Each structure stands twice: as C-alpha cells, then as structure tokens.
C-alpha cells in the first residue's frame, strides 16, 4: 500500500509541474467562461434597444 501512495505522489508532482498539462486542463474552462461572458454582454446590449413602449397594443388575428 505504501508503494501505491508513493507512485500517486510522484504522478501528482509530475502532473502539476508540467505546464502543458496544467494549461490543457484549465484553458478550455477559462475560454468558455470568457466567450459566454462576451456573448452575454453583446446579447444584453442588442436586446436593450428592443423595449416595448408603454401603451402599445397588439392584435392577434385568427
């Protein structure tokens, strides 16, 4: 059992000291966060100008 923990410890050290692996792990999540924030801000700005004026009435014909 001691050997398992030794191997696990070495693998974790190797994992977190390799910059490419850490970059590949966190970059997609950060990129999605940034893209969704930008798109959300753009959509919010686009939809802000489409407010319905008070007193506007719509009729639906069957």
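In the numbering used here, the protein residues as written are 80 to 141. Positions of the beta carbon are idealized from the N, C-alpha and C atoms, including for glycine. Being a predicted model, the structure only gives us computed values, none of them experimental.
Taking the Cα positions, residue 98 is about 23 Å away from residue 84. The beta carbons of residue 100 and residue 94 sit closer together than 8 Å. Here DSSP, grouped into helix, strand and coil, assigns residue 133 to coil. Residue 96 and residue 103 have their C-alpha atoms spaced approximately 13 Å apart.
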